[in-house]
Amino acid sequence: MKLHKLSLKHLLTASLTGLVMSGLLGLISSIAGVALLGVSGWFISAAGLAGGLLFFNYFTPGAIIRLMAILRTAGKYGEQVFAHSHLLDLLRLLRLWVWDQRADRDPALVSKESKGDLLQRIVADVDQIIRWPLMVFFPWLYALGAYCLVICLAFYINASLGWPLLVGAILHLCVIPCLLMRWGLKRVYSSQVLGIHRRSRFISVFSSLITLTIRGNWSSYSSRLHQLDNRQRKNDKQIQMLLSVAKFSINLVTIALLTLLVTLAVQYESSNKHFTLIDGIDAAWFVGLLLSLLALNELMTPLAQLFLAHAQAKVGLKRLKQIEVQVKPKSNLAISHIDTLSFKNWKGVHLPSLLGSPIVSMSLKVGDTLAIIGKSGCGKSTLLSSMAGECYSQGLSLINDQVIDLYGEPAYQAYVSYLPQSPYIFQQSVAANIRLGKPEASDEEVLKALAAVKLDDWARGLPQGMYTFLSAQGKDLSGGQIKRLALARLLIRKAHILLLDEPFDGLDQGTIEHLITSLEGEYKPNILVFISHIDTRLNERAKSLHL
């Protein structure tokens, strides 16, 4: 199942089987725990009242007590198993949702996001969200089920005993949680936001710690961090005080219920000068009711933290929703071929500054090679990125003399292979990285693509050949190897339009000549546009665009 909308309701129903099974087993375990203490109290009282009478059945109550103990233990373990499976399922859905938002996000904005902030959302916020069923929904459900059992028992014993318990249930399950939500949510929200702000400030300070220390500005920054610490400490203290008040209130209601039940059930006989139960109330059943209420109080205690877990989950949801994007309608554009590619008053730009490349006009046709030339920082890479449809642009773009918006257009990008200045190598095998360009490629095709960039001998010399796994982001590769491996991934596609940003950077002359031979031979594209500060023979037959 896929998570289409991010909300607590949709999270609960996303994995309904695990939710129902864990909730049912937990409810059975909670009710059995309350019933175990209640039946034990009834049994001990009844046995004491029966004394040595031969007709008292000891076996049936004993069997019930054993059954309740088994149900409590087995239900608890079963609930943990299904709850763990349910949480893992929620974790999978949330991570896939985050990935979907990243995949649908505007590609020009992805690189501007803080990777640390995104990681924080994936790890911390998701962790807070998946705890919501365990910390909020299930404890309240278990308390409700157990309260219903105890109220039914109270009405069975005597109707006058049931009404106080009904009021106590309203206080325990509704009034106290609602008041805690009202008073505590704002404090938890501010604590979460303040914690996030402190984290970002600490990271920013640590990255410039040496500079601040050398220049003597560390003391001022240190005082600001100290102020944030004090605010966080004060906020956390208020939350802990509220938790203490909540636990005290829950226990106070339970004590009040016990006192009220005893007051209603017991009367003082002045003639005998001792206390007795009123008519119609069995002593053994009444003891069982009191002990059940004590067991019920254990299920009420987790409700004191309900507001804390609920607020943390809400903050996590709110932060994750900040990366939610509106899915654009799919384009119906179909491109059968590209003979000409023209740009009029074209400029690649970055938002929101609108800084970018100079305005240019040009026209390319099949067989053309274009070299973009200019000083560092003049906007060459931005222009090439806009031609690939990877960043925003201003002006007109025409394919076969038809005006088409290139940005994010899949029909156009299917014809384009684009090598940025810093290509990405995935933590997969060499072959898997190459096959990202052509998933159905055979081993022979992969080796040919590696040979085209002069990496075939290197791949054969690896421990598992081209199926050797690479480290994250290609950290065990040199800059030239990363560039050539990414180029091989593009060449195997044999796209009509090939856009290369500094493909020869960091390579020796022999390797450059080998790459040019490949680009002029089997892997020659219909249109080639490249940026390079290195003068090669590829420039001799290429058009030049000076920025």
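The sequence shown maps to residues 132 to 678 in our numbering. In this text, a Cβ means the ideal position worked out from N, Cα and C, and glycines have one as well.
CB of residue i within 8 angstroms of CB of residue j, strictly
i           : j           : result
residue 500 : residue 631 : no
residue 443 : residue 319 : yes
residue 476 : residue 490 : yes
residue 312 : residue 381 : no
residue 498 : residue 657 : yes
residue 284 : residue 169 : yes
residue 166 : residue 280 : yes
residue 315 : residue 265 : no
residue 528 : residue 515 : no
residue 377 : residue 454 : no
residue 520 : residue 539 : yes
residue 619 : residue 650 : no
residue 329 : residue 363 : yes
Rounded C-alpha distance that separates residue i from residue j
i           : j           : result
residue 235 : residue 141 : 21 angstroms
residue 509 : residue 591 : 41 angstroms
residue 261 : residue 220 : 9 angstroms
residue 544 : residue 584 : 23 angstroms
residue 654 : residue 552 : 20 angstroms
residue 272 : residue 154 : 8 angstroms
residue 624 : residue 645 : 19 angstroms
residue 428 : residue 353 : 46 angstroms
residue 635 : residue 678 : 20 angstroms
residue 253 : residue 216 : 19 angstroms
residue 449 : residue 324 : 11 angstroms
residue 532 : residue 522 : 22 angstroms
residue 629 : residue 610 : 21 angstroms
residue 375 : residue 138 : 30 angstroms
residue 452 : residue 411 : 59 angstroms
residue 388 : residue 231 : 52 angstroms
residue 274 : residue 143 : 19 angstroms
Cβ neighbour criterion (16 or more within 10 Å) applied to residue i
i           : result
residue 606 : exposed
residue 199 : buried
residue 575 : exposed
residue 309 : exposed
residue 384 : buried
residue 486 : exposed
residue 290 : exposed
residue 263 : buried
residue 267 : buried
residue 204 : exposed
residue 210 : buried
residue 386 : exposed
residue 229 : buried
residue 534 : exposed
residue 206 : buried
residue 571 : exposed
residue 674 : exposed
Cutoff 7 angstroms; reference residue i; Cβ partners in own chain excluding five residues on either side
i           : result
residue 417 : 288, 396, 408
residue 399 : 406
residue 391 : 295
residue 599 : 560, 561, 593
residue 276 : 158, 161, 162
residue 525 : 478, 480
Span of the beta strand (DSSP E), counted from its first residue to its last, around residue i
i           : result
residue 493 : 491 to 496
residue 473 : 471 to 481
residue 432 : No beta strand (DSSP E) contains residue 432, which DSSP labels as neither H nor E.
residue 406 : 405 to 408
residue 586 : Note, residue 586: premise wrong, no beta strand (DSSP E); not H, not E.
residue 400 : 397 to 400
residue 213 : Taken as a continuous stretch (DSSP letters only), residue 213 belongs to no beta strand (DSSP E), being part of the alpha helix (DSSP H) at 190 to 235.
residue 660 : 658 to 662
residue 500 : 500 to 504
residue 530 : 523 to 530
residue 306 : Per DSSP, residue 306 belongs to no beta strand (DSSP E) and is neither H nor E.
Same chain, Cβ closer than 6 angstroms to residue i, neighbours up to 5 away in sequence not counted
i           : result
residue 152 : 213
residue 447 : 256, 259, 260
residue 370 : 318
Residue interval of the alpha helix (DSSP H) (run including residue i)
i           : result
residue 446 : 437 to 452
residue 284 : 269 to 288
residue 141 : 139 to 145
residue 632 : Counting along the chain, residue 632 falls outside any alpha helix (DSSP H), though it belongs to the beta strand (DSSP E) covering 628 to 632.
residue 677 : Segment 674 to 677 is the beta strand (DSSP E) holding residue 677; no alpha helix (DSSP H) there.
residue 543 : 541 to 544
residue 618 : 610 to 622
Nonlocal neighbours in the same chain, by C-beta distance under 8 angstroms from residue i, ignoring five residues either side
i           : result
residue 542 : 462, 464, 465, 466
residue 556 : 564, 601, 604, 605, 608, 613, 616, 617
residue 332 : 355, 356, 359
residue 637 : 609, 610, 611, 614
residue 470 : 496, 497, 531
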